[in-house]
Amino acid sequence: MLSRLFILILWRLLAVICVALGIIGAFLPVMPTVVFLLVAAWAAGKGWPQLEVWLLTHPRHGASIRAWRERGAVPRRAKWAASLMMGLSSVALVASPLALWWRIGLPLGMGCIALWLWTRPEG
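484 is the number of the first residue of the sequence shown in our numbering; add one for each residue after it.
Structure (structure tokens):
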């Protein structure tokens with residue numbers, strides 16, 4: 484019984500942390516919002532059904548969360564925004580004084596993520 488309560492608390496804690504990071508991401512252009520809300524909805528589904536319902540019916544982000552859950556869909560506008568931010572980050576990394584493997588590896592990783600993102604359905 485104690486272990487079930489502990490696990491429930493961990494799911495709720497993860498959900499709250501991800502909602503908080505999503506809220507921060509709404510105000511910081513370098514941090515995503517919906518990605519954290521997707522994780523929050525997933526974690527809430529494991530231990531906080533009321534929060535999950537609230538996220539799924541949220542007027543601004545609920546549709547994106549539901550589209551991801553139902554079809555793995557990402558809106559075209561989100562694809563462009565993510566690709567643009569990854570591109571700008573890659574330019575900054577290449578121009579930075581970091582070790583060569585960071586300046587090459589991170590942009591390559593972001594490029595792979597962008598390619599994967601564009602293979603997702605839209606809408």
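Think of the CB as a built atom: it goes at the ideal place given N, C-alpha and C, for glycine as much as any other residue.
Anticipated Cβ contact below 8 Å, Val517 with His544, distance rounded: Between His544 and Val517 the Cβ distance is about 6 Å, and since that is below 8 Å, they are a contact.
Every unbroken alpha helix (DSSP H) within the stretch 559-584, with a cutoff of 4 residues, ordered by chain: For the stretch 559-584, whole alpha helix (DSSP H) runs of length 4 or above, ordered along the chain, are 559-577.
If Leu475 and Ile548 are in contact, beta carbons under 8 Å, what's the gap, nearest whole angstrom? Here the chain has residues from 484 to 606 only, and residue 475 is not among them.
What is the residue span of the alpha helix (DSSP H) that Gly555 lies within? That residue, Gly555, is in no alpha helix (DSSP H); it is neither H nor E in DSSP.
Reducing DSSP to helix, strand and coil, say where Met514 ends up. coil
Could you compute how far the alpha carbon of Ser572 sits from the alpha carbon of Trp551? 25 Å
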